[in-house]
Amino acid sequence: MRLTLHSPMDMHLHLRDGDMLRTVAPLSARSFSAAIVMPNLVPPITTQQMVRSYKERIMEATKGLEFEPLMTLFFKPEYDYDFLAKVREDIAAIKLYPAGITTNSQDGVDNFSLEALAPTLEAMSELGIPLCVHGETNGFVMDREAEFVPIYERLAKRFANLKIIMEHITTKRAVEALLRYENLYATITLHHLYITLDDVIGGLMRPHLFCKPVAKRPEDRMALRKVAFMAHEKVMFGSDSAPHPRSAKEAPGCAAGVFTAPVALPALAQLFEAAGVLENLQKFVSDNAQSIYGITPPAKEVHLVKELWRVPERYGDVVPMFAGEELAWRVDEDTTA
Ligand code: NCD
Ligand code: ZN
Numbered sequence: 032m033r034l035t036l037h038s039p040m041d042m043h044l045h046l047r048d049g050d051m052l053r054t055v056a057p058l059s060a061r062s063f064s065a066a067i068v069m070p071n072l073v074p075p076i077t078t079q080q081m082v083r084s085y086k087e088r089i090m091e092a093t094k095g096l097e098f099e100p101l102m103t104l105f106f107k108p109e110y111d112y113d114f115l116a117k118v119r120e121d122i123a124a125i126k127l128y129p130a131g132i133t134t135n136s137q138d139g140v141d142n143f144s145l146e147a148l149a150p151t152l153e154a155m156s157e158l159g160i161p162l163c164v165h166g167e168t169n170g171f172v173m174d175r176e177a178e179f180v181p182i183y184e185r186l187a188k189r190f191a192n193l194k195i196i197m198e199h200i201t202t203k204r205a206v207e208a209l210l211r212y213e214n215l216y217a218t219i220t221l222h223h224l225y226i227t228l229d230d231v232i233g234g235l236m237r238p239h240l241f242c243k244p245v246a247k248r249p250e251d252r253m254a255l256r257k258v259a260f261m262a263h264e265k266v267m268f269g270s271d272s273a274p275h276p277r278s279a280k281e282a283p284g285c286a287a288g289v290f291t292a293p294v295a296l297p298a299l300a301q302l303f304e305a306a307g308v309l310e311n312l313q314k315f316v317s318d319n320a321q322s323i324y325g326i327t328p329p330a331k332e333v334h335l336v337k338e339l340w341r342v343p344e345r346y347g348d349v350v351p352m353f354a355g356e357e358l359a360w361r362v363d364e365d366t367t368a
């Protein structure tokens with residue numbers, strides 16, 4: 032059995048820089064025609080010059096592959112209309128991190144008062160720049176996303192013309208909010224569709240499944256599966272593939288992030304097929320995102336074949352999700368173009 036996906040996109044991706052970029056970017060570029068690239072480098076991407084030169088490094092790392100990096104800026108409340116108007120053509124979105132909530136987010140936002148954020152968010156609304164949000168408070172780890180939902184709701188009401196993307200949602204509570212406000216949208220990862228917290232710490236601790244936001248309860252996973260499997264028009268695939276070297280994952284202080292770029296499409300096909308909704312995968316991995324962002328990615332057909340595929344133990348120094356395990360589908364690179 033074969034499955035052709037037209038211009039699949041990854042709407043939340045960490046590509047890093049330097050050697051790591053050169054290792055991981057081609058893996059995404061083989062499976063996807065475009066991706067929203069996260070700006071949480073050290074230092075974060077905050078200027079037009081940084082956006083442009085990072086994009087060039089990504090293009091260099093993916094040379095010969097049909098792949099469009101859709102760039103983002105790291106949100107700062109200092110961004111004004113003139114700056115945003117100038118940088119508009121270089122970016123697809125701006126990513127907001129609460130300060131200190133996840134990897135390389137120290138320079139994020141610590142004041143969520145609408146007054147503090149209004150000048151930048153109003154300018155973004157006017158310029159049609161979507162706002163991507165890592166929606167977690169610094170409360171108890173299992174409650175962080177649910178506690179952030181009232182902030183999403185305040186933002187959605189006050190900035191009614193701003194497209195707000197709830198990144199990597201993990202809870203039933205977030206799904207409910209998403210469905211209540213017209214200008215809220217969401218990305219959903221592969222790993223949050225597959226696992227719950229039990230898979231991370233319920234038996235032996237599995238550092239390669241540890242990420243932010245942490246995987247939650249079975250009922251949360253069920254709520255995510257419901258909207259993903261029906262390819263609800265407000266949700267789209269964003270892997271949040273976040274590579275860290277083994278030394279940072281298999282360590283007393285384990286870095287947060289699951290590396291899924293090379294397994295994303297086969298594992299999604301497996302999951303959607305098992306749920307009897309394989310025909311909805313195209314919308315989930317491309318069509319919905321095109322409508323939400325109003326973009327047309329490069330035309331590219333990615334072919335999947337239903338053949339057992341053993342996932343490599345490592346890519347460079349990074350351990351992927353499903354390392355050493357078998358998946359039911361693989362990407363047929365010979366015919367992907
Ligand atoms: C991401 C990373 O490593 O950059 N980690 C993660 O656990 N998801 C950051 C993020 O998206 O939170
Ligand atoms: Zn991320």
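Counting along the sequence shown from 1, when you hit position 85 you're at 116 in my numbering, and nothing is skipped either side. Note that beta-carbon positions come from the ideal geometry of N, C-alpha and C, so glycine has one too. For clarity, every value in this text was computed on a predicted model and none was experimentally measured.
For D251, the enclosing alpha helix (DSSP H) stretches over residues 249-260. Assigned with DSSP and collapsed to three states, I196 falls in strand. Comparing alpha-carbon positions, the option among K280, T227, G233 lying closest to L255 turns out to be T227.
The straight-line gap separating the alpha-carbon atoms of R175 and T366 is approximately 43 Å. Under the 10 Å beta carbon count, I232 is surrounded by fewer than 16 other beta carbons and is classified as exposed. Per DSSP, reduced to three states, the secondary structure at H37 is strand. In the assembly as shown, M32 is an exposed residue. Its beta-carbon has fewer than 16 other beta-carbons within 10 Å. The beta strand (DSSP E) runs lying completely inside the region 102-139 and spanning 3 residues or more are 103-105, 124-127, given in chain order. In this structure, DSSP gives E364 a state outside helix and strand, which the three-state scheme calls coil. The continuous alpha helix (DSSP H) containing V180 extends over residues 175-189. With a contact defined as Cβ atoms closer than 8 Å, A273 and V289 qualify at about 6 Å. Taking 4 residues as the shortest admissible run, the region 191-242 contains the following complete alpha helix (DSSP H) segments, listed from N- to C-terminal end: 203-211, 221-225. Counting C-beta pairs with one atom in each stretch, the region 206-226 and the region 236-253 have three or more that are closer than 8 Å, which means they touch. A straight-line Cα-Cα distance of about 6 Å links L34 and V336. The straight-line gap separating the alpha-carbon atoms of I182 and D41 is approximately 25 Å. Ranked by how close their Cα comes to the Cα of S270, the residues E264, K280, A298, N192 have A298 in first place.
Following the DSSP letters along the chain, one finds V68 inside the beta strand (DSSP E) bounded by residues 65-68.
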